[in-house]
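J.: According to our numbering, the sequence shown is numbered sequentially starting from 1058.
Glycine included, C-beta positions come from ideal geometry on N, C-alpha and C.
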Amino acid sequence: DNGTISNAKLATNAVDSTKAANLSPNDLAQTGASSGQVLTWTGSKYAPRTASTGVDYVTQSSTPSGTTKQWLDNSAGTQEVWQLKQRVQGTWKTIKWYDPIGKVFSLLPPAYILATGQSNMLGYGGGSLGDTVQDTRVSVWNNSSSWVISRIHFAPYRTDGYYNNLAFHFAKKLAQTENRIVRLILQAYPGQPISYWGSSSTAWTGITTAISASGSSAKTFDAILWHQGESNGDGYGPCITDDCYRDSLY
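Shown next as structure tokens:
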């Protein structure tokens, strides 16, 4: 207390929490620490170590070597769904799927949906505002060059103020119900009879082109949404009977 150094003051455990209460972090010696490291208990002592980011996997396109236990495989590219894999008895097993567009994980593989038909599939009905909030688990092909978060008023949906869209709500409901990544392709052709979707037709070419451009050619589609029919109604040329329409649809 009087500034005199004594054996008692130098004894083991002589400096307790009360005496160290006014110590500043700047009073600690560097003890080999580098920038960004934190003080970590190693199991036997405290030592400087790199801070954990909470991510326990590596992200890369090639199979990791060494003792890595989990690997986020991004070899499919930035527009495709990635796979989080875990090493199980020397073999990599997929345990989750990750969408780099919405930056979300899912325990289920992604669901692929094709939506097509006439103008109603684009959403021509004014209706009420409804649920227009985006869900980051749902991505839609913008019919140009990329997958984007599914958002009402943005391509490929109508951009002129209409809110109703069967495909938007179906995909969002599926994502919410199954906590699943959903990929949606929307191809609508206003004012066309069902024959417009025949093999080698304009609609057929548009659909297959979108599927190919989006990288979905090898995918299995989980659902096809169809919203068409008024152009085969009264006074609209051939195929206005139930049997004819059903045969054309099949």
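Figure out for me which residue from S1269, S1081, Q1244 and A1224 has the closest Cα to the Cα of T1259.
T.: For T1259, the nearest C-alpha among the options comes from Q1244.
J.: Could you pull out every unbroken beta strand (DSSP E) segment of at least 3 residues lying fully inside the stretch 1178-1214, listed in chain order?
T.: For the stretch 1178-1214, whole beta strand (DSSP E) runs of length 3 or above, ordered along the chain, are 1195-1198 and 1204-1206.
J.: If you draw a straight line from the C-alpha of V1197 to the C-alpha of T1116, how long is it?
T.: One C-alpha to the other measures close to 24 Å.
J.: For Q1233, does the three-state DSSP call read helix, strand or coil?
T.: Q1233 falls in the helix class under three-state DSSP.
J.: By DSSP, does D1130 sit in helix, in strand, or in coil?
T.: Note: D1130 maps to strand in three-state DSSP.
J.: Helix, strand or coil: how does DSSP classify S1288 here?
T.: Helix at S1288.
J.: Would you tell me roughly how many angstroms separate the C-alpha atoms of H1226 and R1106, rounded to the nearest one?
T.: One C-alpha to the other measures close to 48 Å.
J.: Using a threshold of 8 Å, state whether the C-beta atoms of F1162 and L1141 are closer than that.
T.: Yes; because the gap between Cβ atoms is below 8 Å, this pair is in contact.
J.: Can you list, in chain order, the residues of its chain with a C-beta nearer than 7 Å to that of K1150? Leave out the 5 residues immediately preceding and following it.
T.: Same-chain partners within the cutoff: K1142 and Q1143.
J.: According to the Cβ coordinates, are I1238 and N1222 closer than 8 Å?
T.: No, Cβ-Cβ distance for I1238 and N1222 is not below 8 Å.
J.: Please check the pair A1224 and A1270, which I expect to be a contact at CB under 8 Å, by giving their CB distance rounded to whole angstroms.
T.: That belief does not hold up - the Cβ atoms of A1224 and A1270 are roughly 18 Å apart, past 8 Å.
J.: Quick one: what does DSSP say G1263 is sitting in, helix, strand or coil?
T.: Reduced to three states, the DSSP call for G1263 is helix.
J.: Kindly say whether Q1117, judged by its beta-carbon, lies nearer than 8 Å to any beta-carbon of chain B.
T.: The structure shown has no chain B; it contains just one protein chain.
J.: Which residues bound the beta strand (DSSP E) around D1156?
T.: Looking at the DSSP string, the run of the beta strand (DSSP E) that includes D1156 is T1148 to D1156.
J.: Excluding five sequence neighbours on each side, which residues of the same chain lie with their C-beta closer than 8 Å to the C-beta of N1131?
T.: Excluding sequence neighbours, N1131 sits near T1116, Q1117, S1118, W1139 and P1157.
J.: So, at 7 Å on beta carbons, what are the nonlocal neighbours of G1272 in its own chain, with the 5 sequence-adjacent residues on each side left out?
T.: Counting only Cβ-Cβ distances below 7 Å, and skipping sequence neighbours, we find Q1136 and E1137.
J.: Per DSSP, K1142 forms a beta bridge with which residues?
T.: K1142 is bridged to W1128 and T1151.
J.: First and last residue of the beta strand (DSSP E) that includes S1305?
T.: Per DSSP, S1305 belongs to no beta strand (DSSP E); it is in the alpha helix (DSSP H), D1299 to L1306.
J.: To the nearest angstrom, how far is it from the Cα of I1281 to the Cα of D1188?
T.: Between I1281 and D1188, the C-alpha separation is close to 22 Å.
J.: So which of T1069, A1104 and S1252 has the shortest CA-CA distance to A1090?
T.: When each option's Cα is compared against that of A1090, the closest is A1104.
J.: Can you tell me where the beta strand (DSSP E) with F1278 in it begins and where it stops?
T.: Looking at the DSSP string, F1278 is not in any beta strand (DSSP E), and its letter there is neither H nor E.
J.: Pop quiz: S1252 and S1176 are said to be a contact at Cβ under 8 Å. What is the actual Cβ separation, rounded to whole angstroms?
T.: The pair is not a contact, with the Cβ atoms about 17 Å apart (cut-off 8 Å).
J.: Considering L1096, what are the terminal residues of the beta strand (DSSP E) in which it resides?
T.: L1096 -> beta strand (DSSP E) spans Q1094 to W1098.
J.: Could you check what DSSP says for L1165 in three-state terms: helix, strand or coil?
T.: Coil.
J.: Restricting to Cα atoms, I'd like to know which of Y1169, G1218, R1215 and Y1219 is closest to V1195.
T.: Nearest of Y1169, G1218, R1215 and Y1219 to V1195, Cα basis: Y1169.
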